[in-house]
Structure formats: structure tokens, C-alpha cells
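**Q**
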Amino acid sequence: HGYQLLKELDPVAANRIHPNNHRKINQYLSLYAARGVLPSKLYQGKAAENWGCIDASRFDYCFIYLDAETLVLNKYVEQRVDSMVDAGLLDEVYDIYKPGADYTRGLRQSIGVREFEDFLRIYLSARNSSANGSALWVEESKHDKVMKENLRKVLDFSKDDDLRIMLEEAIDRVKLNTRRLLRRQKRRVSRLEMVFGWNIHHMDATEFLLSKSEESWDAQVVKPASEILR
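Using my numbering, the letters of the sequence shown map in sequence onto residues 106 to 335.
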């Protein structure tokens, strides 16, 4: 009955599989029920070209996916970005930045780089101006070392300082875009399961992110993963 229903809903998809391939039939029907999208519409272009590439491989695969509750992940992203800033993210971005460069291609489109473009443009143009009223700009050295030292001090400016506001907004955009990336990754994993039939083992790392303890990591991630691999 399942295959006949699939033929009525999406004859193109039905013609691609054997009538006795119940696993694929159920996946197609579940996909349509959950999203209202015909499976054949998803198997176009690169998706169609890559269809079955894993099944055809001579290697055995085991996919283990670490996940956590959304609110916990969001909080972790916030903390992680703050830690990256403390560890020298601004210095790295400063080294990459080039005025007028294309921030939609290559390395510069990466999260943690493009978000700082507007801030760095104003920051570098302000080095020869005292209009911002900050004592940090008395020395107008063009050496990168001095510029980086002053860059780190922007977060210590008064809260209503324009540069500090721009920098904090850039950091917030990094956090926002990272959260969006996480959501896209979740959707991609779901698509790999529903569309391509990947057997993905989910590991819940929520408790570890909350406790940051090695015991939790071993119990919630390492031990279950080891059992799967045996």
C-alpha cells in the first residue's frame, strides 16, 4: 500500500526505487507528510548527482552527531564568542581586514570576520582624527602593534562612545550569525536523515555544556559513542 500511495503522490520518486524497498518508501512518505514537499523536487541538481554516493562506497560509515538543547547551545555560543574575543579574535580580524575588500568571498566571508568590516573601517579612519574625544588617540602611530593595543581598549571606552557601540554590535552579530549557523546545521542533519536516508546517531551533550565536567562528557558522549562503534 505504501508504494502505491507514493506512486499516486509522486510517481517520479516512486520510479526511482524498488516496490519492496520499504525503508525508502517510508522515508519518502514521512518527508512529504512532515514538509509537504514532493521528494522528487529535492532530488534535483547536485542532490540528484550525489544520490546514493554513500551507499555505493566500499567503506562502512558511522555518523555520530553531537547536539544539545537550543537554549543551552545559544548560551554556549555567547560564552564561546566572548572567550574568543578575550583570546585575541580582534587581533586576527585586524590582520585579515583590508579596506575595500570583497567580504562575500573566500576567507573574509567567514563568521567572525565580515561582521567587523564597518567597525574597522571607522576605527582605521579615526586614527588620524581626534574628533572622538578619546585620549587613546593622542599617539597616532601607524604601527600595527599600537593599533592592536588601542583596538583592545575600545571595549573599555564609555558605554555611549560610538566606537564601543559599533564594536559591541559587531560582536553581537558574530553571536547571531553563529546561532543561525547552528540552526542551518540542524536542518542539514535532518535532511541527510530524511532525504538521503543516513543513519545518524544523536548524542545529547546538554548536560556536559551545563556542567563542563569530564564525568558528564564520558557518561553522555564517550560511553554511548563507544557502544555504537562496537
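Heads up, the beta-carbon is just placed ideally off N, CA and C, and yes, glycines get one too.
Only counting the same chain, and skipping five residues up and downstream in sequence, which positions put a Cβ closer than 6 Å to that of E174?
**A** If we look at E174 and ignore the five residues flanking it on each side, its Cβ neighbours are T311.
**Q** Report the start-end ranges of each beta strand (DSSP E) in the segment 252-321 that is 3 residues or longer and not cut off at the edges.
**A** Counting only runs of 3 or more, we get 305-309.
**Q** Could you give the distance in angstroms between the alpha-carbon of V182 and the alpha-carbon of G107?
**A** Using only the alpha carbons, I get a separation of about 43 Å.
**Q** Applying the 10 Å Cβ sphere with the 16-neighbour rule, what's the burial state of R293?
**A** The residue is exposed, with fewer than 16 neighbouring Cβ atoms inside 10 Å.
**Q** From L195 to R257, what does the alpha carbon distance come to, in whole angstroms?
**A** Straight-line Cα distance between these residues: approximately 7 Å.
**Q** If V186 and V251 are in contact, beta carbons under 8 Å, what's the gap, nearest whole angstrom?
**A** Contact flag wrong, Cβ pair sits at about 26 Å.
**Q** Which residues in the same chain have their Cβ closer than 6 Å to the Cβ of V259, if we skip the five residues on either side of it in sequence?
**A** For V259, where only same-chain residues beyond five positions count, the Cβ hits under 6 Å are L268, R269, L272.
**Q** Tell whether a beta-carbon distance below 8 Å holds between V198 and F221.
**A** Result yes, Cβ atoms of V198 and F221 sit closer than 8 Å.
**Q** Check the DSSP bridge columns for F168 and list the partner residues they point to.
**A** The partner list for F168 (beta bridge, DSSP) reads I305.
**Q** What is the C-beta distance between A330 and M308, in whole angstroms, given that I count them as a contact (C-beta under 8 Å)?
**A** 6 Å between Cβ atoms; contact.
**Q** Going straight from the alpha carbon of K146 to that of L136, what length do you get?
**A** C-alpha separation (whole angstroms): 11 Å.
**Q** Alpha carbon to alpha carbon, how far is P124 from L317? Give it in angstroms, no decimals.
**A** Reading off the sequence, residue 317 comes out as Lys, not Leu. Between K317 and P124, the C-alpha separation is close to 49 Å.
**Q** Here's the rule: buried if 16 or more other CB atoms are within 10 angstroms of the residue's CB, otherwise exposed. What is I276?
**A** Its Cβ being crowded by 16 or more others within 10 Å, I276 is buried.
**Q** Going by other Cβ atoms of all chains shown within 10 Å of its Cβ, with 16 needed for buried, is R219 buried or exposed?
**A** R219 is buried by the Cβ-count criterion.
**Q** With DSSP collapsed to three states, give me the class of L143.
**A** In the structure shown, L143 sits in coil (DSSP, three-state: anything other than H, G, I, E or B).
**Q** Cα separation between G302 and S321?
**A** G302 and S321: Cα-Cα distance of roughly 30 Å.
**Q** Look at the alpha carbon of E254 and the alpha carbon of A139, and state the distance between them as a whole number of angstroms.
**A** Looking at the two C-alpha atoms, the distance is approximately 53 Å.
**Q** Can you find the residues in the same chain that come closer than 6 Å, C-beta to C-beta, to E298, ignoring five residues on each side of it along the sequence?
**A** The answer, listed in chain order, is I305.
**Q** Since I216 contacts L171 with CB under 8 Å, what's their CB separation in whole angstroms?
**A** Not quite, the Cβ-Cβ distance comes to about 19 Å (not below 8 Å), so this is no contact.
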